[in-house]
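Asker: Okay, handing you the structure first.
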Ligand SMILES: Nc1nc2c(c(=O)[nH]1)N[C@H]1C(S)=C(S)[C@@H](COP(=O)(O)O)O[C@H]1N2
Ligand SMILES: [Mo]
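Residue numbers (mature numbering (1 follows the signal peptide of the UniProt record, and there is no 0)): -38 to -1, 1 to 255.
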């Protein structure tokens, strides 16, 4: 029988994650580099963030994840970490979170479908976990995989989709301090429909890169396959950096609909790298962003 810790990750996280909405908003104001961005960083409501979701394991409608993800068992949870690492293994989430300080990060979130939100995540930098596991010099990419459990994920009973959902980052992107492993939002453990118990958040890339409910992380020297690129390579690239100047073949990426902003007034200009250009543009120096979409 596999080792079962008496302390599940959900016993550990709520205390570590405690913070209230007022503190989150104060934090957002303090973190602002430019007052012009204040309006765009007012977080969406918990209701918006947990009722309008893409999580195709639970169905194709934006309301399906809220309806069906409650059935997902998220404790116990473990992540298999392997490939070009010093300490490969299957780690209980409680062990991954032990001694790991949890931070609040209020990020813009921009879906490739041209809608957006602002989300007050809680979590920790992916680089912290990779450093503890020990990345070997030969590694150049990080591959991620979502749970495969068709008994609890009705969408996975649809055989036409290449389950499990997979994603990947270049190692320099994975190590960037903005790249987050999120374990909650609004100071509460991650709602199932948002990718419980642990999901990636890469705020300068289209939302499909931010893979949910991660069970496997592999360090590799080859660019890993990614779900939307497998499905439609001419529309969804590996990089998927938010870029108002590179349109999707079927729609403009110059602006976005801010969820919750009301029927009239909800359209805002899309920002280069989703507003994080000063922190990430240097990662792509010398690359043609229209080719590496
Ligand atoms: N495993 C998995 N991860 C996923 C998805 C998915 O369908 N399955 N959808 C992606 C897409 S397209 C988006 S926009 C975001 C949505 O995250 P949210 O529902 O928390 O806003 O999750 C991403 N991660
Ligand atoms: Mo998306």
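In this text, a Cβ means the ideal position worked out from N, Cα and C, and glycines have one as well.
Roughly how many angstroms separate the alpha carbons of residue 208 and residue 252, rounded to a whole number?
Answerer: Residue 208 and residue 252: Cα-Cα distance of roughly 6 Å.
Asker: For residue 124, tell me which candidate among 107, 42, 14 and 214 has the shortest Cα-Cα distance.
Answerer: Checking every option, the nearest Cα to that of residue 124 belongs to 107.
Asker: What residue from 68, 118 and 185 has the CA that sits closest to residue 149's CA?
Answerer: If we check each option's Cα against that of residue 149, 68 comes out closest.
Asker: Just how far apart, CA to CA, sit residue 154 and residue 34?
Answerer: Each residue's Cα considered, the two are about 7 Å apart.
Asker: Look at the alpha carbon of residue 129 and the alpha carbon of residue 8, and state the distance between them as a whole number of angstroms.
Answerer: Each residue's alpha carbon lies about 26 Å from the other.
Asker: How about residue 175 and residue 157: do their beta carbons lie closer than 7 Å?
Answerer: A contact, by the Cβ cut-off of 7 Å.
Asker: How about residue 74 and residue 14: are their beta carbons less than 7 Å apart?
Answerer: No, Cβ-Cβ distance for residue 74 and residue 14 is not below 7 Å.
Asker: Between the stretch 132 to 142 and the stretch 87 to 98, can you find at least three pairs of beta-carbon atoms closer than 8 Å?
Answerer: Segments in contact, yes.
Asker: Identify the continuous beta strand (DSSP E) that holds residue 179 and give its terminal residues.
Answerer: First-last of the beta strand (DSSP E) with residue 179: 176 to 182.
Asker: At a cut-off of 6 Å, is residue 106 close to ligand 1 when judged by its beta-carbon and the heavy atoms of the ligand?
Answerer: It does not: the Cβ of residue 106 is nowhere closer than 6 Å to a heavy atom of ligand 1.
Asker: Does at least one heavy atom of ligand 1 sit under 6 Å from the Cβ of residue 86?
Answerer: It does not: the Cβ of residue 86 is nowhere closer than 6 Å to a heavy atom of ligand 1.
Asker: On the criterion of 16 or more Cβ atoms from any shown chain inside 10 Å, does residue 28 qualify as buried, or is it exposed?
Answerer: By the neighbour-count rule (16 or more Cβ atoms within 10 Å), residue 28 is buried.
Asker: Please indicate yes or no: does the CB of residue 343 lie closer than 6 Å to some heavy atom of ligand 2?
Answerer: This structure cannot speak to residue 343, because the chain is shown only from -38 to 255.
Asker: Would a C-beta distance cut-off of 7 Å place residue 214 and residue 229 closer than the cut-off?
Answerer: No.
Asker: Reducing DSSP to helix, strand and coil, say where residue 103 ends up.
Answerer: Residue 103 falls in the strand class under three-state DSSP.
Asker: Just the Cα atoms here: how many angstroms apart are residue 181 and residue 194?
Answerer: About 25 Å.
Asker: For residue 10 and residue 79, what's the separation of their Cα atoms in angstroms?
Answerer: So the alpha carbons of these two residues sit roughly 8 Å apart.
Asker: Would you mind sorting residue 72 into buried or exposed? The rule is 16 or more other CB atoms within 10 Å of its CB.
Answerer: Residue 72 should be labelled buried.
Asker: Spatial neighbours of residue 116 within its chain, please: CB distance less than 7 Å, with the 5 preceding and 5 following residues excluded, ordered by chain position.
Answerer: 20, 21 and 30.
Asker: What does DSSP give as the partner residues of residue 43 in its beta bridges?
Answerer: DSSP output for residue 43 lists 51 and 179 as bridge partner(s).
Asker: Can you list, in chain order, the residues of its chain whose CB lies under 6 Å from that of residue 192, leaving out five sequence neighbours each side?
Answerer: For residue 192, where only same-chain residues beyond five positions count, the Cβ hits under 6 Å are 124.
Asker: According to the neighbour-count rule (16 or more other Cβ atoms, all chains shown, within 10 Å of its Cβ), is residue 162 buried or exposed?
Answerer: Residue 162 is buried by the Cβ-count criterion.
Asker: I believe residue 159 touches residue 151 by the beta-carbon criterion, under 8 Å. Please report the beta-carbon distance rounded to the nearest angstrom.
Answerer: Their Cβ separation, rounded to whole angstroms, is 7 Å, which keeps residue 159 and residue 151 in contact under 8 Å.
Asker: Where does residue 172 land, buried or exposed, given buried means 16+ other C-beta within 10 angstroms?
Answerer: By the 10 Å Cβ count, residue 172 comes out buried.
Asker: Roughly how many angstroms separate the alpha carbons of residue 104 and residue 179, rounded to a whole number?
Answerer: Residue 104 and residue 179: Cα-Cα distance of roughly 7 Å.
Asker: Taking only beta-carbon positions, decide if residue 214 is within less than 7 Å of chain B.
Answerer: Any reference to chain B falls outside this structure, which holds one protein chain only.
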